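Protein chains: 2
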Amino acid sequence: MCPGKRETKVPPSAKASSIVKPRDILVLKTIALLGGVNDHVQLSSGELGELLQTTQQTASLWILDLLDRGYLVRRAGSRKQGLRLTPKAIDFLRQEHADYIRIFERSSVMQLQGLVISGLGEGRYYISQPEYKRQFKEKVSFVPFPGTLNVRLSGGDLSKVRILRDSDGMEIKGFQKDGRTFGSGKVFMATINGHECAVVIPLRTHYSDVVEVISKDFLRDELGVKDGDRVEIKIKV
Amino acid sequence: MCPGKRETKVPPSAKASSIVKPRDILVLKTIALLGGVNDHVQLSSGELGELLQTTQQTASLWILDLLDRGYLVRRAGSRKQGLRLTPKAIDFLRQEHADYIRIFERSSVMQLQGLVISGLGEGRYYISQPEYKRQFKEKVSFVPFPGTLNVRLSGGDLSKVRILRDSDGMEIKGFQKDGRTFGSGKVFMATINGHECAVVIPLRTHYSDVVEVISKDFLRDELGVKDGDRVEIKIKV
DNA sequence: ATTACTACTGGACGAGTAC
DNA sequence: TGTACTCGTCCAGTAGTAA
């Protein structure tokens, strides 16, 4: 009844809507390289077409398609449109990045660098839960100190965390308590500045640039680190 | 006269043959993730089709296309074919990897790690050429010691070298002498294990996993390193 | 079991053009 | 300038099937 209208073109399944087309990689990566991760980039459909070896019309269609599917947001400009990647698109590109790390940086030791930051005391709260405590004792070779060290990872290393999510680390099962959900995660034995520790990667929550490090000791004292200090984490994968 | 024959479908221009199709990225990356970089992987067209959400027939066509264009080599198996990426394909994937490093690891300091190896005395020979010597003196802030330290980069850092090739470093122009060609390159001021140095990236030759480091001192003595030792290079980009 | 040919077709792309 | 619509073409992908 409405031939050609975009709204009527319902994706046949939920899965289909999440499917990325081969050309999506090209388009999103191009915009990312122009700075579309952190900011709007002024990019006309004609310019994009030239960059991707296609016509202005086709590039325009691609942009519309990506806008529809929530990979791009647009800010109308008087002359050129401003394009910016959504978190969904950045997420997708990070997954790609992780794939290339897997291909070219395959190694038995994953090295992460980051800065010590103050948490909100949540780590202490979580690790004090008897259910988590029990599982940690079972999986790691030490009794965890009741508190975690929060480390904010630098941009590139963030993609490596995705690899950990897919690696076979020790699983910490989630549970329910007092109507609250405690999510599941994976734990990896590691060292932080040479000191034995374990790194916790939450599985349920969305990606964050912070990992939580547990140890038998109070790491801030043991390592002599304070907020803003750089630490190096080595994980045996 | 030979309709439908692959051989008759001549690419209209040399440039066209080097063009990669969007789907190429998916196919090559999938094979790379299965280990096709270092070895043949047993992968039927049906399996590849499943991985890429398409039919066996289409996957078969894609493979034939990539074989034709020199991105894949095949080893016939009794049951399944063995597929392996060619250097051309690995090269292409490294370029992709470099793009993602550019997107997510943008930083003013590029950090490289590698192992000290013995060169063939070529570094000494090259750096002794008066023409190179003159240019080095002009570009870098020290008089180079007549010899280079060869550093073999680890897998992942290799992709970073591509970024340097495209960065605006100081250019060393190539020249001809005694009928021999001395290629051009780019020089970047850097530090190696904290010691001031310059890193030379050749432009003409094919990618190699070795970079040459020059300094005013004899670096092996100055840094106290020998073959096989790990060194850290920091380049201000 | 594989791979890969042939014929067919639907959707993607380009040209023209309106805004 | 820009963006994005309609329409016509054609090629990439599918099904069927041979080897």
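Here the protein sequences line up with chains A and B, keeping their order. Each residue of the first sequence is one higher than the last, beginning at 817 in our numbering. Each residue of the second sequence is one higher than the last, beginning at 817 in our numbering. Every residue, glycine too, gets a C-beta built ideally from N, C-alpha and C. Predicted, not measured: the structure shown is a model, and the values here were computed from it.
Handout entry: Residues that LYS1052/B bridges to, as DSSP identifies them
Key = For the purposes of this step, residue 1052/B is identified with residue 236 of the second sequence, where counting begins at 1. Answer by DSSP bridge pairing, in chain order: VAL925/B.
Problem - Contact set between the stretch 892-923 of chain A and chain B, restricted to residues whose Cβ is under 8 Å from the partner - result: LEU909, ARG910, GLU912, HIS913, ASP915, TYR916, ILE917, ARG918, ILE919, PHE920, GLU921, ARG922 and SER923
Practice task
Count the other CB atoms, across all protein chains shown, that sit within 10 Å of the CB of GLU912/B; report buried if there are 16 or more and exposed otherwise.
Solution key: Your numbering for residue 912/B matches position 96 in the second sequence. Buried is the call here.
Problem - Boundaries (first-last residue) of the beta strand (DSSP E) holding ALA905/B - result: Your numbering for residue 905/B matches position 89 in the second sequence. Careful: ALA905/B lies outside any beta strand (DSSP E), inside the alpha helix (DSSP H) at 903-920.
Practice task
Label LYS831/B either buried or exposed according to how many other C-beta atoms from any shown protein chain fall within 10 Å of its C-beta, with 16 as the threshold for buried.
Solution key: Along the second sequence, one-based indexing puts residue 831/B at 15. With a pLDDT of only 31 at LYS831/B, under 50, the local geometry of the prediction cannot be trusted, and no value is derived from it.
Practice task
Starting from the beta carbon of ARG839/B, find every residue of chain A whose beta carbon is closer than 8 Å, and list them in chain order.
Solution key: Here residue 839/B is taken as the residue at index 23 of the second sequence, counted from 1. Here the neighbours are PRO838.
Problem - Contact check, ASP973/B vs GLY930/B, beta carbons under 8 Å - result: As a position in the second sequence, residue 973/B is number 157, starting the count at 1. As a position in the second sequence, residue 930/B is number 114, starting the count at 1. Yes.
Handout entry: Neighbour-count burial assignment, GLY1010/B, 16 or more Cβ in a 10 Å radius
Key = The sequence position of residue 1010/B within the second sequence is 194, counting from 1. GLY1010/B should be labelled exposed.
Exercise for the section: Could you check if GLU1028/B is buried or exposed, using at least 16 other CB atoms within 10 Å of its CB as the buried criterion? Expected result: Residue mapping note: residue 1028/B aligns to position 212 of the second sequence, counting from 1. Burial call: buried.
Practice task
With DSSP collapsed to three states, give me the class of ARG1055/A.
Solution key: In the structure as shown, chain A starts at 817 and stops at 1053, and residue 1055/A therefore has no counterpart that could be examined.
Problem - Inter-residue spacing [alpha-carbon to alpha-carbon] between GLU1038/A and PHE920/A - result: Locating residue 1038/A in the first sequence gives position 222, where the first residue counts as 1. Locating residue 920/A in the first sequence gives position 104, where the first residue counts as 1. Spanning the two alpha carbons is a distance of roughly 35 Å.
Practice task
Have a look at ASP984/A and GLY999/A and give me their C-alpha separation to the nearest angstrom.
Solution key: Within the first sequence, residue 984/A is the residue found at index 168, counting from 1. Within the first sequence, residue 999/A is the residue found at index 183, counting from 1. Their Cα atoms are separated by approximately 17 Å.
Problem - Buried/exposed call for GLN873/A, threshold 16 Cβ in 10 Å - result: If you number the first sequence from 1, residue 873/A lands on position 57. With fewer than 16 Cβ atoms within 10 Å of its Cβ, GLN873/A is classed as exposed.
Handout entry: Short CB-CB distance (under 8 Å) between ALA848/A and chain B
Key = Locating residue 848/A in the first sequence gives position 32, where the first residue counts as 1. Output row for ALA848/A: interface = yes.
Problem - Beta-carbon proximity list for ALA896/A, same chain, < 7 Å, skipping 5 on both sides - result: The residue given as residue 896/A occupies position 80 in the first sequence. Rather than Ala, the amino acid found at residue 896/A in this sequence is Lys. Correct list, in chain order: GLN858, LEU859 and SER860.
Problem - Buried or exposed by the 16-neighbour rule on C-beta atoms within 10 Å, applied to PHE1034/B - result: Here residue 1034/B is taken as the residue at index 218 of the second sequence, counted from 1. When all chains shown are included, PHE1034/B counts as exposed.
Exercise for the section: Tell me, please, whether the CB atom of VAL853/B is closer than 8 Å to any CB atom in chain A? Expected result: Taking the second sequence and counting its residues from 1, the one referred to as residue 853/B is at position 37. VAL853/B counts as touching chain A.
Exercise for the section: Please name the residue in ASN854/A, ASP884/A, VAL843/A and VAL977/A whose C-alpha comes closest to that of LEU864/A. Expected result: Reading the first sequence from its first residue, position 48 is the one you call residue 864/A. Measuring from the Cα of LEU864/A, the nearest candidate turns out to be VAL843/A.
Problem - Close-in-space but distant-in-sequence residues of the same chain around ARG968/A (CB under 7 Å, 5 per side omitted) - result: Here the question's residue 968/A lines up with position 152 in the first sequence. Cβ neighbours of ARG968/A beyond the five flanking positions: GLY930, LEU931, ILE933, ASP1025 and VAL1026.
Practice task
Go ahead and label THR997/B buried or exposed: buried means 16 or more other beta carbons lie within 10 angstroms of its beta carbon, across all protein chains shown.
Solution key: In the second sequence, residue 997/B corresponds to position 181, counting from 1. Classification for THR997/B: exposed.
Practice task
Taking 8 Å as the cut-off, decide whether the C-beta atoms of LEU1019/A and LYS976/A are in contact.
Solution key: Translated into the one-based positions of the first sequence, residue 1019/A becomes position 203. Translated into the one-based positions of the first sequence, residue 976/A becomes position 160. No, the pair does not count as a contact, with Cβ atoms beyond the cut-off.
Exercise for the section: Please check the pair THR902/B and GLY886/B, which I expect to be a contact at CB under 8 Å, by giving their CB distance rounded to whole angstroms. Expected result: Taking the first residue of the second sequence as 1, we reach residue 902/B at position 86. Taking the first residue of the second sequence as 1, we reach residue 886/B at position 70. Contact holds; Cβ gap of about 6 Å.
Practice task
Output the distance between the C-alpha atoms of LEU883/B and SER924/A, rounded to the nearest integer angstrom.
Solution key: Here residue 883/B is taken as the residue at index 67 of the second sequence, counted from 1. Here residue 924/A is taken as the residue at index 108 of the first sequence, counted from 1. Roughly 32 Å between the two C-alpha positions.
Practice task
For my contact list, MET1005/A and VAL956/A are in at a C-beta cut-off of 8 Å; report their separation, rounded to the angstrom.
Solution key: Stepping through the first sequence from its first residue, residue 1005/A is reached at position 189. Stepping through the first sequence from its first residue, residue 956/A is reached at position 140. The pair is a contact, with the Cβ atoms about 7 Å apart (cut-off 8 Å).
Practice task
Mind listing the chain B neighbours of LEU842/A? Cutoff is C-beta to C-beta under 9 Å, in chain order.
Solution key: Residue mapping note: residue 842/A aligns to position 26 of the first sequence, counting from 1. What LEU842/A touches in chain B: PRO838 and ILE841.
Handout entry: Min CB distance GLY930/B to chain A below 8 Å
Key = In the second sequence, counting from the first residue as 1, residue 930/B sits at position 114. With 8 Å as the cut-off, GLY930/B does not count as an interface residue toward chain A.
Exercise for the section: Classify LEU882/B as helix, strand or coil using the three-state DSSP reduction. Expected result: Here the question's residue 882/B lines up with position 66 in the second sequence. The answer is helix: DSSP assigns LEU882/B an H, G or I state.
Practice task
Rank PHE991/A, GLY1044/A and ILE1017/A by C-alpha distance to the C-alpha of ASP982/A and give the top, closest one.
Solution key: To locate residue 982/A, count along the first sequence from 1; it is residue 166. Closest option to ASP982/A, Cα to Cα, is ILE1017/A.
Handout entry: Runs of alpha helix (DSSP H) lying entirely within the stretch 936-994 of chain B, each at least 4 residues, in chain order
Key = 938-944, 946-955 and 971-982
Problem - Cβ shell of ARG978/A (< 7 Å), same chain only, five flanking positions each side left out - result: As a first step, residue 978/A is located in the first sequence; it is residue number 162 there, counting from the start. Excluding positions up to five away in sequence, the list reads ARG910, GLN911 and ALA914.
Exercise for the section: Take the Cβ of GLN869/A as the centre, count every other Cβ of all protein chains shown within 10 Å, and call the residue buried at 16 or more, exposed below. Expected result: Start at 1 with the first residue of the first sequence, and residue 869/A comes out as number 53. GLN869/A comes out exposed.
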